[in-house]
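Residues 257 to 1056 in my numbering are what the first sequence lists, from first letter to last. Contents: one structure, followed by commentary.
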Amino acid sequence: MSNYTEIEKKWQNYWEDEGVFHASNDSKLPKYYYLVEFPYPSGAGLHVGHVRSYTALDVLSRKKRMQGYNVLFPMGWDAFGNPAEQYAIKHHIHPKDAVKENIKTFKSQIQSLGISFDWNREISTCDPEYYKWTQWQFIQFFKSGMAYKAKKDINWCPSCKTGLSNEDSTGGVCVRCGTKVVQKEKEQWMLKMSEYAQDLIDGLDDTIFEERIKTAQVNWIGRSDGAEVKFKLDNVDDNLTVYTTRPDTLFGASFMVIAPEHPILSKYKDKIRNFDEVVKYQDFAKSKSEFERVEMNKEKTGVKIDGISAINPVSGKVLPIFISDYVMMNYGTGAIMAVPAHDQRDYDFAKKFNLDIVQVISGGDISKEAYTGDGVMINSEFLNGTDNKKDAINKMIEFLESKDIGKRMTNYRLQDWIFSRQRFWGEPIPLVYCDECGWVPVKDEDLPVLLPDVTEYEPTDDGESPLAKIESFVNTTCPHCGKTARRETDTMPNWAGSSWYWLRYMDPHNDNEFASKDALNYWGKLDFYNGGMEHATRHLLYARFWNQFLYNQGLVPNKEPFNRRVAHGMILAEGGVKMSKSKGNVINPDDMVSSYGADALRTYEMFIGDYEKEVAWSEQGLNGSKRFIDRVVRIGEKLNDNNGYTSSIESLIHKTIKKVTEDIDNMKFNTAVSALMILLNKFEEISSISKDDYRVFLLLFSPFAPHICEELNSKYDLGEVICKSNWPLYDEEKTVDNEKEIAVQVNGKVRATIKINVNDSNDIIEEKALAEDNVKKHIEGKEVIKVIVIKGKIVNIVVK
RNA sequence: GCCUCUAUGGCGGAACUGGUAGACGCGCUGGACUCAAAAUCCAGUGAUAGCAAUAUCAUGUCGGUUCGAUUCCGACUGGAGGCACCA
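Take a look at the structure:
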């Protein structure tokens, strides 16, 4: 039995031939839908991190099936997008072929692990049968006015030569290649995601995501509550509206700052005497990426607008207006009231430009820095004396609303989703531009808009999609009027295909709809979705937004797509550093499978530690799991002919069933494996074990090490094949010990242990405790104040 | 700066609702088997003192609540993640 590879292959073939992992769409059994994020089929192949999450969900799925559920556990490929395209360009092959090759590798790697995916439902986002429906859904966005084209400064990656969403340019660098992002003006398709900001926050209440995931989402959406306030301009009949979270400090507003792109500048160009200087500053601001603007936060810069000023609506003071790049056009109104006494940035600016600093909240030392703490309102007329922020804010808002110069306002950092990419390898946006009819969606029957089969797909320098160069693709007729028209040549971001893929798994071969109503209703909400923390914001928000939109269109039955979301911890290299090609410390799962076997690798990765935490790889640890499996095999030589569980270990067996069952449910895979190790240790202690002992062990261990458990079960003819067997049950009564050893403490320190019976009264327990020599020694000559007996747990004798 | 999480032997990690801290595994030490090694098996393994029984200390630091705290509360320190000139 030394050749694990052969055994593994044998059972993988058996499972496939028997179709035991195929989910049914019309089953009487209760359903359960497990999903693990599908991978980018990059050239690097499978990572041991994939093995961790796939195995974890495989353990859950296999157990759930044995417990009588109709389990959907699918797998597919997130095949569009930059990684695949970069790989193709580098290796001079068509992305389509590159992806095909990579998928082949990935799939065989995954299959060698024995993960119980339902391969009948395999999908790939770059498959026309799939992206037809991605395009169709985009058209629904378009038709409902949720998709629009806007000229805007976008984050541009000069290396990937494509526009990036804010989500993809985190930290001012392209998340794909790490190149510094610059600003570039471009017409882009946008999805109105910002409209869903509040729904995306509220919807979290209907999920059971891990707290850290919820927090990440809420932070990303970035809700803030405050007020909009209108400031009259003093020499033109117009207002400048600002957004503030601190309307209570309005009396302290001593100047205004607007973003360099603020429209008021061009509007009153003629009134602005130093417009040259303004333009110069605008150019200066534009030359920096958004991130640089934010990053260079030490020294404030700006230009005072000479020609227009504003009036503080409560104090009546005339306030100078500045432009400065610390105010962003894309948040709030692009204008702020500056309260230098109580805001550090405004304070810095005021110091630099020598502006008034008016304190309106008592406390702190305004001569040194802005005071952002709480205090009693001063210099604020009707607010004077108010001693807390909340009341002051409310009073001010009431005042503003009564005078119609302001109103309560909530703002979100979440912006609309930039949905255009100037790349080849993505879903073509299925729209046509007609000079007469404008933007018109491609007719349903003409979907999918196929990517042309060409050899030129490298990005261009001018910011146009490579598709723009392909005449046969671009030139078409208007679906509306039939005249000549041009196709949109931008493609969708690679987040598009992953924003709805779990729905396709429900009905993957449907030619008429993205999924049938029946399938959508039957599978409903995804019960359990696993993915990396790196997707806790972007992917998860896009997917929830997309689903909420489909829900509002009446196309899916649930507003929230995912019930429970869990994130696995990363696996680091030995020594606790990240695995990377450049460091040469990447562990290839294939090597591990061939040296130790898939079962050992799976067991090790489940035993390695807390599933949600990152953990360092240890090949010695993996070898330990292999040793454990070898022992499981060897114990088969100790089988006897007895029936039932061996009486001396019966209680332990029931306890182990309970422990393993509960631990798997709670994703405490490490302690589940440890419970099995304890049971095996016991098997080795006793002279022989019964077939039932062995069989129940193999059933419990099978989700972790399915191949060897099937093999041993079959070799010793212990019963039905495990994949078709029921999960073992335990008898609660038999998990309780009649006799127990408990500790006896004197003043909280353990001095002895005593054996007690569950039926012993407190008096008897106390008597036993006091009879212990070491206990006597420690209470000798002291006064016993009280004796605390906690049944079945502990005795504590308090002495003085 | 704000938000969330986290801290236990040489290492990964256990510990039910506050009740014998260190399960299980790795590593290490000694032994058996072997000509030898590997594999396997047996014993030991938080620190200090002791032949031992046992005692003292010990769950990031300092306090608090409690008969009893890894667990609850407060403050601090370190680490991870999210957000960030966001008004």
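Where a beta carbon is used, it is the ideal one built from N, C-alpha and C, also for glycine. Nothing here was measured: the structure is a model prediction, and the numbers come from that model.
Alpha carbon of residue i to alpha carbon of residue j, nearest angstrom
{"i": "Lys-266", "j": "Glu-967", "result": "9 angstroms"}
{"i": "Ser-415", "j": "Val-431", "result": "12 angstroms"}
{"i": "Leu-954", "j": "Asn-969", "result": "7 angstroms"}
{"i": "Phe-531", "j": "Gly-401", "result": "38 angstroms"}
{"i": "Trp-983", "j": "Ile-864", "result": "24 angstroms"}
{"i": "Glu-744", "j": "Gln-396", "result": "16 angstroms"}
{"i": "Phe-450", "j": "Ser-510", "result": "Sequence check: residue 450 is Ser here, not Phe. In a straight line, the C-alpha of Ser-450 is about 32 angstroms away from that of Ser-510."}
{"i": "Ala-312", "j": "Phe-373", "result": "12 angstroms"}
{"i": "Ile-366", "j": "Leu-302", "result": "8 angstroms"}
{"i": "Ala-515", "j": "Thr-589", "result": "9 angstroms"}
{"i": "Val-1045", "j": "Val-1055", "result": "14 angstroms"}
{"i": "Ile-345", "j": "Met-826", "result": "29 angstroms"}
{"i": "Ser-258", "j": "Gly-419", "result": "Note that Ser-258 scores a pLDDT of 42, beneath 50, so its modelled location is shaky and nothing firm can be said."}
{"i": "Leu-687", "j": "Arg-677", "result": "14 angstroms"}
{"i": "Phe-523", "j": "Cys-433", "result": "Rather than Phe, the amino acid found at residue 523 in this sequence is Lys. Answer to the nearest angstrom: the Cα atoms are 40 angstroms apart."}
{"i": "Asp-886", "j": "Pro-295", "result": "32 angstroms"}
{"i": "Thr-733", "j": "Glu-727", "result": "13 angstroms"}
{"i": "Met-848", "j": "Ser-298", "result": "20 angstroms"}
{"i": "His-350", "j": "Lys-436", "result": "27 angstroms"}
The beta strand (DSSP E) enclosing residue i, as first and last residue numbers
{"i": "Ala-566", "result": "559-567"}
{"i": "Ile-1012", "result": "1005-1013"}
{"i": "Gln-1001", "result": "995-1002"}
{"i": "Asp-783", "result": "782-787"}
{"i": "Lys-287", "result": "287-292"}
{"i": "Trp-758", "result": "Segment 757-760 is the alpha helix (DSSP H) holding Trp-758; no beta strand (DSSP E) there."}
{"i": "Pro-576", "result": "574-579"}
{"i": "Gln-538", "result": "Not the beta strand (DSSP E): Gln-538 falls in the alpha helix (DSSP H), residues 531-542."}
{"i": "Leu-420", "result": "418-420"}
{"i": "Lys-915", "result": "Here Lys-915 belongs to no beta strand (DSSP E); instead the alpha helix (DSSP H) covers 906-921."}
CB of residue i within 8 angstroms of CB of residue j, strictly
{"i": "Arg-308", "j": "His-795", "result": "no"}
{"i": "Ile-978", "j": "Ser-958", "result": "yes"}
{"i": "Ile-617", "j": "Thr-501", "result": "no"}
{"i": "Phe-818", "j": "Leu-857", "result": "no"}
{"i": "Gly-753", "j": "Thr-381", "result": "yes"}
{"i": "Leu-956", "j": "Val-916", "result": "yes"}
{"i": "Lys-1057", "j": "Pro-708", "result": "No statement about residue 1057 is possible, as the shown extent of the chain runs from 257 to 1056 and does not include it."}
{"i": "Asp-949", "j": "Ile-909", "result": "yes"}
{"i": "Asp-314", "j": "Ile-371", "result": "yes"}
{"i": "Tyr-260", "j": "Asp-855", "result": "yes"}
Candidates the options: closest to residue i by CA position
{"i": "Gln-600", "options": "Ile-622, Lys-1032, Thr-418 and Lys-646", "result": "Ile-622"}
{"i": "Trp-392", "options": "Lys-360, Val-1006 and Lys-699", "result": "Lys-699"}
{"i": "Gly-1048", "options": "Asn-808, Asn-1013 and Lys-1033", "result": "Asn-1013"}
{"i": "Lys-607", "options": "Met-593, Ile-592 and Lys-624", "result": "Lys-624"}
{"i": "Ala-591", "options": "Lys-486, Phe-605, Arg-669 and Glu-637", "result": "Lys-486"}
{"i": "Lys-408", "options": "Asp-458, Leu-496 and Glu-517", "result": "Glu-517"}
{"i": "Ile-577", "options": "Asn-586, Pro-569, Val-559 and Thr-463", "result": "Val-559"}
{"i": "Val-595", "options": "Lys-990, Leu-575 and Arg-318", "result": "Leu-575"}
{"i": "Gly-682", "options": "Met-748, Val-1002, Val-822 and Leu-1026", "result": "Met-748"}
{"i": "Phe-609", "options": "Asn-568, Tyr-668, Met-633 and Val-513", "result": "Val-513"}
{"i": "Ala-741", "options": "Asp-973, Pro-697, Asp-493 and Ser-772", "result": "Pro-697"}
{"i": "Asp-490", "options": "Ile-477, Asp-539, Asp-562 and Phe-770", "result": "Asp-562"}
{"i": "Leu-985", "options": "Ala-1008, Val-570 and Arg-951", "result": "Arg-951"}
{"i": "Asp-462", "options": "Arg-821, Ile-1053 and Ile-564", "result": "Arg-821"}
{"i": "Ala-926", "options": "Met-789, Glu-868, Glu-940 and Val-812", "result": "It is worth fixing the name first, because residue 926 is Asn in this sequence and not Ala. For Asn-926, the nearest C-alpha among the options comes from Glu-868."}
{"i": "Asn-667", "options": "Glu-484, Asp-866, Glu-875 and Trp-271", "result": "Glu-484"}
Span of the alpha helix (DSSP H) around residue i
{"i": "Trp-271", "result": "260-274"}
{"i": "Cys-965", "result": "962-971"}
{"i": "Thr-471", "result": "467-477"}
{"i": "Asp-621", "result": "Where Asp-621 is concerned, there is no enclosing alpha helix (DSSP H), given that its DSSP letter is neither H nor E."}
{"i": "Ala-515", "result": "Ala-515 -> no alpha helix (DSSP H), and no H or E assigned at all."}
{"i": "Gln-393", "result": "384-399"}
{"i": "Glu-861", "result": "854-863"}
{"i": "Trp-375", "result": "Note, Trp-375: premise wrong, no alpha helix (DSSP H); not H, not E."}
{"i": "Tyr-689", "result": "Where Tyr-689 is concerned, there is no enclosing alpha helix (DSSP H), although the beta strand (DSSP E) it sits in stretches over 687-690."}
- Task: Pick out the complete beta strand (DSSP E) segments inside the region 624-669, 3 residues or longer, and give them in chain order.
- Result: 662-668
- Item | Every unbroken alpha helix (DSSP H) within the region 289-328, with a cutoff of 4 residues, ordered by chain | 304-322
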